[in-house]
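*Asks:* Have a look at the structure that comes next, please.
2 protein chains.
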Amino acid sequence: MTTPLKGACLIGQSGGPTSVINASALGCIEAALASEHITKVYAAENGIRGVLSDRLYIMDLEDPDELSLMKYTPSSAFGTCRYKLKDFIVDDTDYKRILDTFRKYDIRYFLYNGGNDSMDTCSKISSYLNQNNYECRIIGIPKTVDNDLLGTDHCPGYGSAAKFVATSCMEIYKDAKVYGTGSITILEIMGRNAGWLTASSALATYKGLGPDLIYLPEIYFDLADFIADVSRIFEKKGDVLVAVSEGIMDKSNTYISAYFSELSKNTDAFGHSRMGGLAAGLASFIGTKIDTKVRGIEFGLTQRCAAHIASGTDIEEAYAIGRVALKVALDGATDQMVGFERIPGKEYQCRIKMFDLIDVANDEKKIPREWINAAGNGLLPAFIDYALPLIQGETKMLKEDGLPKFAKLKKIMTRDI
Amino acid sequence: MTTPLKGACLIGQSGGPTSVINASALGCIEAALASEHITKVYAAENGIRGVLSDRLYIMDLEDPDELSLMKYTPSSAFGTCRYKLKDFIVDDTDYKRILDTFRKYDIRYFLYNGGNDSMDTCSKISSYLNQNNYECRIIGIPKTVDNDLLGTDHCPGYGSAAKFVATSCMEIYKDAKVYGTGSITILEIMGRNAGWLTASSALATYKGLGPDLIYLPEIYFDLADFIADVSRIFEKKGDVLVAVSEGIMDKSNTYISAYFSELSKNTDAFGHSRMGGLAAGLASFIGTKIDTKVRGIEFGLTQRCAAHIASGTDIEEAYAIGRVALKVALDGATDQMVGFERIPGKEYQCRIKMFDLIDVANDEKKIPREWINAAGNGLLPAFIDYALPLIQGETKMLKEDGLPKFAKLKKIMTRDI
Numbered sequence: 001m002t003t004p005l006k007g008a009c010l011i012g013q014s015g016g017p018t019s020v021i022n023a024s025a026l027g028c029i030e031a032a033l034a035s036e037h038i039t040k041v042y043a044a045e046n047g048i049r050g051v052l053s054d055r056l057y058i059m060d061l062e063d064p065d066e067l068s069l070m071k072y073t074p075s076s077a078f079g080t081c082r083y084k085l086k087d088f089i090v091d092d093t094d095y096k097r098i099l100d101t102f103r104k105y106d107i108r109y110f111l112y113n114g115g116n117d118s119m120d121t122c123s124k125i126s127s128y129l130n131q132n133n134y135e136c137r138i139i140g141i142p143k144t145v146d147n148d149l150l151g152t153d154h155c156p157g158y159g160s161a162a163k164f165v166a167t168s169c170m171e172i173y174k175d176a177k178v179y180g181t182g183s184i185t186i187l188e189i190m191g192r193n194a195g196w197l198t199a200s201s202a203l204a205t206y207k208g209l210g211p212d213l214i215y216l217p218e219i220y221f222d223l224a225d226f227i228a229d230v231s232r233i234f235e236k237k238g239d240v241l242v243a244v245s246e247g248i249m250d251k252s253n254t255y256i257s258a259y260f261s262e263l264s265k266n267t268d269a270f271g272h273s274r275m276g277g278l279a280a281g282l283a284s285f286i287g288t289k290i291d292t293k294v295r296g297i298e299f300g301l302t303q304r305c306a307a308h309i310a311s312g313t314d315i316e317e318a319y320a321i322g323r324v325a326l327k328v329a330l331d332g333a334t335d336q337m338v339g340f341e342r343i344p345g346k347e348y349q350c351r352i353k354m355f356d357l358i359d360v361a362n363d364e365k366k367i368p369r370e371w372i373n374a375a376g377n378g379l380l381p382a383f384i385d386y387a388l389p390l391i392q393g394e395t396k397m398l399k400e401d402g403l404p405k406f407a408k409l410k411k412i413m414t415r416d417i
Numbered sequence: 001m002t003t004p005l006k007g008a009c010l011i012g013q014s015g016g017p018t019s020v021i022n023a024s025a026l027g028c029i030e031a032a033l034a035s036e037h038i039t040k041v042y043a044a045e046n047g048i049r050g051v052l053s054d055r056l057y058i059m060d061l062e063d064p065d066e067l068s069l070m071k072y073t074p075s076s077a078f079g080t081c082r083y084k085l086k087d088f089i090v091d092d093t094d095y096k097r098i099l100d101t102f103r104k105y106d107i108r109y110f111l112y113n114g115g116n117d118s119m120d121t122c123s124k125i126s127s128y129l130n131q132n133n134y135e136c137r138i139i140g141i142p143k144t145v146d147n148d149l150l151g152t153d154h155c156p157g158y159g160s161a162a163k164f165v166a167t168s169c170m171e172i173y174k175d176a177k178v179y180g181t182g183s184i185t186i187l188e189i190m191g192r193n194a195g196w197l198t199a200s201s202a203l204a205t206y207k208g209l210g211p212d213l214i215y216l217p218e219i220y221f222d223l224a225d226f227i228a229d230v231s232r233i234f235e236k237k238g239d240v241l242v243a244v245s246e247g248i249m250d251k252s253n254t255y256i257s258a259y260f261s262e263l264s265k266n267t268d269a270f271g272h273s274r275m276g277g278l279a280a281g282l283a284s285f286i287g288t289k290i291d292t293k294v295r296g297i298e299f300g301l302t303q304r305c306a307a308h309i310a311s312g313t314d315i316e317e318a319y320a321i322g323r324v325a326l327k328v329a330l331d332g333a334t335d336q337m338v339g340f341e342r343i344p345g346k347e348y349q350c351r352i353k354m355f356d357l358i359d360v361a362n363d364e365k366k367i368p369r370e371w372i373n374a375a376g377n378g379l380l381p382a383f384i385d386y387a388l389p390l391i392q393g394e395t396k397m398l399k400e401d402g403l404p405k406f407a408k409l410k411k412i413m414t415r416d417i
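Protein sequence lines correspond, in order, to chains A and B. Here the first sequence is numbered in full-length UniProt numbering, starting from 1 and rising by one per residue. Here the second sequence is numbered in full-length UniProt numbering, starting from 1 and rising by one per residue.
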């Protein structure tokens, strides 16, 4: 155990929001505020972009009661970003600015909560600071509804999104077939390269009220097979519920959404294609083949921010891992990500495990092939065993006038005082 | 008070599902099973279609514990329909069949749960049976997320859908603006001719986390005004959240969705246009005018069946009005709809009021103009006062494995035994 460094702590949120990213931030912030070694606690506005532009919120000035509501407040309380740092060998402009900000506020603990792109950011900053002899402990905290981070058993954010998806599938299953006149409903669920969130719809199927067919990016999608699958079930049952991952691709690595939409030609800052319109496209395509009511439904943003139905397990784990991230940093860890390792046994239990950032950055964890059925259109019991514990327990979100009571932070910036 | 008729009771569900239509059915069924005057309790498969085809479930054979779960089970447990009866003067084929079924099972109480089209069905059957001297008490029970039934203060189903919409708006508000890089998000909400459900997004605005602009079918929509509204708020705030009713129309009574989509050319059995694609269409149109991230989101089926966030008030009212419907029928009422009248005062309170079916059938209640702001793009406090009480309280839905525990009925048909 290394002697704790004296200095300030900076927290940042990065990548797509989740229902519980603020629970992790709260864990860090509360632990940092309570530490005798930490002189000041900051949160960056819009993640690394706030560090680059010297826009930091002072957590020491927040009302602890209001802060505590962050545990049940979805999305990123301090704003987030999708910002790709260049290699500092190519261009160190950003890195110099980051170092300036760190020096200015004596940042000795940097905790960054995000997905694999964010772990890449952490890893690069860590190398640069090391080379410049600036001592700072850098810990990544996993977060993504996509659940695609390497190493860790699962990612905070996933359980809550999965609970929304599975619950909504059960409700839509009940709704979609009430007319008794036949219907085909296509649900489009988030997941660009990994199908974890789409697969969570199988939890509804496990309950007897879920999709008949589930298509994941892990398996090449074939339109002819798809029509055959849907037709077979339609003939048997008269109603078909299908879940598709937004990122399903054909054998030539073309997004299926690109078959239907011009939208997917746009890319974001990381070169990821923007998704959308897949459910509607597949629905209207089926409509030309099978004469029945067809419907495409996208869960949209709701699936990642539906804090009202967040998983209690996910909330508590997100909070705990935030606290642990600060603790391990105080104890001397750096250049690592905190994550979970599942303890084998009948009862669900996880222990904290540390992963080197470099091993986590920029790669994605897919669903193991052996958890997917032979036909590639459904999940096997191994997946249910994996995912079911992650959606257990309910949120303790406070309500006011029958609506969520979210944290209202003062958000005082260093430049304001 | 008339002497109660001895005979069987038949319950039917009609029109689009809601989160609480089964709560009303349960109220009827429990009251009917408990009545000494009622010899047998049936539920029609797919509403009036089940009556026409002699497909009735026997409620006396269900497990009461399982039945009781219907209070928290969304959608129509017995199936629903959109079936328009012709005038019996023109064609009495359907009516003869209905009378046959009623005679066969000695149906003396017919309780039909639906919207204005369903009240029309009730009213026509009532007239026909009267003319044919078949004594049967017919009571309509209101149900619609659209909240557009005349007479009654509000409709069961609305409060729950409104709670989902308002809560989701708050969550999406938090999510949509986290990047701090500007965004315009268009939410498309159900409501063909009346904007009640779209207006419920104003409850989120009342909490400071809702749409900046709300467009309702009650006000003619003008694309130029819309762009001007959005641009003004975008320049001021950098992020804009807009709620639009699926049924917004221009001055020539053309659906705005028809500007963007071929889909809306299809019509359903009642001659209603099928909606869809409006949010995406408006979003891409804005994208050509304002250079920022634009997004269209449809709440889709989820908004009407999200029982996991049903309003406690709505559930209890739906259940109570089901019980009352049977009670008033036993007491002699017929050819009427049960509904709510709000008792003036600070505390929310409603009493049951009876409405003649003929006064309710086939017309729609719109949002009063004086509850909408002068510009026609937002709601005034009078609407908040109206809607807020309807979303209070939480569901007591049971969970199993972290997922809803819905009623599993045996559904034994008369023809099965």
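Glycine included, every Cβ here is placed at the ideal spot set by N, Cα and C. Quantities reported herein were computed from a predicted structural model and do not represent experimental measurements.
Quick one: give me the first and last residue of the beta strand (DSSP E) that residue 110 of chain B is part of.
*Replies:* Unbroken beta strand (DSSP E) run through residue 110 of chain B: 107-114.
*Asks:* Tell me which residue opens and which closes the beta strand (DSSP E) that residue 242 of chain B is part of.
*Replies:* 239-245
*Asks:* So is residue 131 of chain B buried or exposed if we call it buried at 16+ other beta carbons inside 10 Å?
*Replies:* exposed
*Asks:* DSSP state of residue 93 of chain A, grouped into three classes?
*Replies:* helix
*Asks:* Pull up the distance between the alpha-carbon of residue 386 of chain B and that of residue 199 of chain B, whole angstroms please.
*Replies:* 11 Å
*Asks:* Whole angstroms is fine: what's the gap from residue 410 of chain B's alpha carbon to residue 416 of chain B's?
*Replies:* 12 Å
*Asks:* Within 10 Å of its beta-carbon, does residue 113 of chain A have 16 or more other beta-carbons around it, so buried, or fewer, so exposed?
*Replies:* buried
*Asks:* Which first and last residues belong to the alpha helix (DSSP H) in which residue 285 of chain B is found?
*Replies:* 278-287
*Asks:* Which same chain residues end up closer than 7 Å to residue 126 of chain B when comparing Cβ atoms and leaving out the 5 residues on each side of it in sequence?
*Replies:* Only 138, 334, 335, 357 meet the Cβ criterion.
*Asks:* Considering Cα atoms alone, identify which of A:21, A:47, A:50, A:62 is closest to residue 40 of chain A.
*Replies:* A:62
*Asks:* Which full runs of the alpha helix (DSSP H) of 4+ residues lie inside the stretch 19-90 of chain B, going along the chain?
*Replies:* 21-34, 48-52, 64-68
*Asks:* Beta carbon of residue 29 of chain A, beta carbon of residue 121 of chain A: below 7 Å?
*Replies:* no
*Asks:* Does the beta carbon of residue 308 of chain B sit closer than 7 Å to a beta carbon anywhere in chain A?
*Replies:* yes
*Asks:* By the criterion of Cβ-Cβ separation under 8 Å, what are the contact partners of residue 75 of chain B in chain A?
*Replies:* Contact annotation for residue 75 of chain B against chain A: 171, 174, 175, 178 [CB-CB distance below 8 Å, chain order].
*Asks:* With a cut-off of 7 Å, does the C-beta of residue 273 of chain A fall near any C-beta of chain B?
*Replies:* Below a pLDDT of 50, predicted positions are generally treated as unreliable, and residue 273 of chain A, at 43, falls in that range; the measurement from the model is reported next regardless. Closer than 7 Å: no.
*Asks:* In terms of DSSP beta bridges, what is residue 397 of chain B paired with?
*Replies:* Paired residues: none, contrary to the question.
*Asks:* Which same chain residues end up closer than 6 Å to residue 349 of chain A when comparing Cβ atoms and leaving out the 5 residues on each side of it in sequence?
*Replies:* 343
*Asks:* Looking at residue 247 of chain A and residue 191 of chain A, is the spacing between their C-beta atoms short of 7 Å?
*Replies:* yes
*Asks:* Using a Cβ-Cβ cut-off of 8 Å (strictly less than) and excluding sequence neighbours within five positions of residue 17 of chain A, which residues of its own chain qualify?
*Replies:* 74, 75, 76, 80, 304, 305
*Asks:* Just to confirm the assignment, what range does the beta strand (DSSP E) spanning residue 303 of chain A have?
*Replies:* Careful: residue 303 of chain A lies outside any beta strand (DSSP E), inside the alpha helix (DSSP H) at 302-305.
*Asks:* Just to confirm my understanding: we take residue 118 of chain A, look at its own chain, exclude 5 residues before and 5 after, and list those with CB closer than 7 Å. What are they?
*Replies:* For residue 118 of chain A, where only same-chain residues beyond five positions count, the Cβ hits under 7 Å are 14, 15, 112, 140.
*Asks:* Return the CA-CA distance between residue 422 of chain B and residue 207 of chain B, expressed in angstroms with no decimal places.
*Replies:* Absent from the structure is residue 422 of chain B, since the part of chain B shown begins at 1 and ends at 417.
*Asks:* Could you spell out the range, first to last residue, of the alpha helix (DSSP H) harbouring residue 299 of chain B?
*Replies:* First-last for residue 299 of chain B: undefined, no H or E at that position.
*Asks:* Decide yes or no for the touch test of the stretch 141-152 of chain A against the stretch 205-221 of chain A: beta carbon pairs closer than 8 Å, at least 3 of them.
*Replies:* no
*Asks:* Can you find a C-beta in chain A that's less than 7 Å from the C-beta of residue 28 of chain B?
*Replies:* no
*Asks:* Using 8 Å for Cβ pairs, my map puts residue 363 of chain A next to residue 116 of chain A. What's the rounded Cβ distance?
*Replies:* About 6 Å separates the two Cβ atoms, so the contact holds.
*Asks:* CB residue 329 of chain A to CB residue 70 of chain A, shorter than 7 Å?
*Replies:* The answer is no: Cβ separation not under 7 Å.
*Asks:* Within the 7 Å Cβ cut-off, does residue 17 of chain A reach chain B?
*Replies:* Interface annotation, residue 17 of chain A: in contact with chain B, CB-CB separation under 7 Å.
*Asks:* Take residue 143 of chain A as the anchor and find which of A:314, A:100, A:414 has the nearest alpha-carbon.
*Replies:* A:314
*Asks:* Three or more beta-carbon pairs under 8 Å between the stretch 168-184 of chain A and the stretch 315-325 of chain A, yes or no?
*Replies:* no
*Asks:* Exposed or buried, which one is residue 183 of chain B when buried takes at least 16 other CB atoms within 10 Å?
*Replies:* If you draw a 10 Å sphere on the C-beta of residue 183 of chain B, you find 16 or more other C-beta atoms in it, and that means buried.
*Asks:* Going by DSSP, name the residue or residues bridged to residue 354 of chain A.
*Replies:* A:338
*Asks:* Measure the beta-carbon distance from residue 256 of chain A to residue 221 of chain A and round it to whole angstroms, keeping in mind my assumption that it falls under 8 Å.
*Replies:* 5 Å
*Asks:* Could you spell out the range, first to last residue, of the alpha helix (DSSP H) harbouring residue 388 of chain A?
*Replies:* Annotation: residue 388 of chain A is outside any alpha helix (DSSP H) and is labelled neither H nor E by DSSP.
*Asks:* In this structure, does DSSP put residue 140 of chain B in helix, strand or coil?
*Replies:* strand
*Asks:* What residue from A:52, A:72, A:51, A:78 has the CA that sits closest to residue 59 of chain A's CA?
*Replies:* A:78
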